[in-house]
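Only one structure is covered here, and it is reproduced in the block below.
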Amino acid sequence: MDCEKSNARIDFLQYLETDLSLYIMSFLHDPADLVCASSVSQFWHRFVIENGVAKKLCLKTFSGCSNILGTVNENKRKNCDNSLETDHEVYAALLYGFQESEIYIPSGIEKGIRASSTYNYLSQSIAKTIDSSFFPRPGKGWSSNGQSNAHVPETLTYKLCRGVWAINEFYVRPCPAEGSPNVCSAKYVRFRIGHSKSPLENRMDPITDDEVEWTYTSPEFPMMQEHRIQSFKLSQPILCFDGYLKIELLGRVQRHKKDGLFYI
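The numbers in the UniProt record's numbering rise by one with no breaks, and the one at position 82 of the sequence shown is 82.
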């Protein structure tokens, strides 16, 4: 007896509970997969938009997006009835942009704001630590004042360029002390990211840490006492908007032969 193959097809998404369907959608990771899913049929397209799948995926990948209060499409400002579609477009674009772009942090720093101390303002200021070439020339860099106590920390605070940044890695290059072959690196380094507490229209560069809302603090990373670029990768990307970066250098290792003090 011959059995005829059935050509009947069903859309399984229409027969599943919403929670189960969202659970299946949670395994999507690539923005291209999200586009494909929303293009299967009109039902899938509505399901992706009405259940905020793009937003859920973006928040899972970049937890910093949870600070976004709302989205506005300037081209559709007069029509506010389509907020779900606007959310979908915005979060899908953010997800695509963050995953497709790779920008080294030197190009994301606008300027140095302040250093906790500086040994020589003319030749070793915080401005000397910013080099768009990513590979600093010999003799460039910052140096702290000397301390008799090896536990005194140092900090460097920078203003990031305007825009939205997803940061997942930092690079630091310790340098030898002036007049010494020894590298004056800290024992550990920690990174903080935040934004000014001042209203946007009155915003000026902060003078003290109390003027910055530090929303992210990294773990302490051990540093090597070597004159080379060292990479510190975060467990997940950190999202920031026109923010500030503070590098905390913790613990001193090398004494300078000329005065016996610890420098970084």
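Virtual Cβ for every residue (Gly too), placed ideally from N, Cα, C.
Item	Value
Stretch pair the region 210-223 + the region 187-198: three plus CB contacts closer than 8 Å	yes
Straight-line Cα distance separating residue 32 from residue 122	50 Å
Helix, strand or coil at residue 23 [DSSP, three-state]	helix
Inter-residue spacing [alpha-carbon to alpha-carbon] between residue 254 and residue 154	14 Å
DSSP three-state assignment for residue 110, whether helix, strand or coil	strand
Nearest-angstrom beta carbon gap, residue 156 and residue 112 [assumed within contact, 8 Å]	7 Å
Residue 184 and residue 126 closer than 8 Å at C-beta	no
Residues bridged to residue 236 (per DSSP)	Partner(s): none; residue 236 has no beta bridge.
DSSP-derived helix/strand/coil call for residue 150	coil
CA nearest to the CA of residue 25, picked from 171, 55 and 175	55
Identity of the residue in 245, 90, 88 and 170 nearest residue 159 by Cα	245
Sequence-distant residues of the same chain with beta carbon closer than 8 Å to residue 176, five excluded per side	182, 183, 184 and 227
Three-state class that DSSP yields for residue 222 in the structure shown	strand
Proximity to residue 172 [Cα-Cα], best of 164, 9, 50 and 233	233
Bridge-paired residues (DSSP) for residue 195	213
Cβ neighbour criterion (16 or more within 10 Å) applied to residue 139	Residue confidence is low: residue 139 scores 49 on pLDDT, short of 50, so the model does not pin down where it sits. No coordinate-derived value is stated.
Check whether residue 143 and residue 119 have beta carbons under 8 Å apart	yes
Status (buried if at least 16 other CB within 10 Å, exposed otherwise) for residue 213	exposed
C-alpha distance - residue 30 paired with residue 38, whole-angstrom precision	13 Å
N- and C-terminal bounds of the alpha helix (DSSP H) containing residue 50	42-50
Pick from 216, 10 and 18 that is closest to residue 40, judged by C-alpha positions	10
Cutoff 8 Å; reference residue 94; Cβ partners in own chain excluding five residues on either side	58, 62, 65 and 164
Residue 60, enclosing alpha helix (DSSP H) - first and last residue	53-61
Whole-angstrom distance between residue 42 and residue 169, CA atom to CA atom	40 Å
Residue 176, DSSP secondary structure in three states	strand
Assigned secondary structure, residue 119 (DSSP; H/G/I helix, E/B strand, else coil)	coil
Opposing strand residues paired with residue 164 [DSSP bridges]	241
Identity of the residue in 96, 53 and 150 nearest residue 23 by Cα	53
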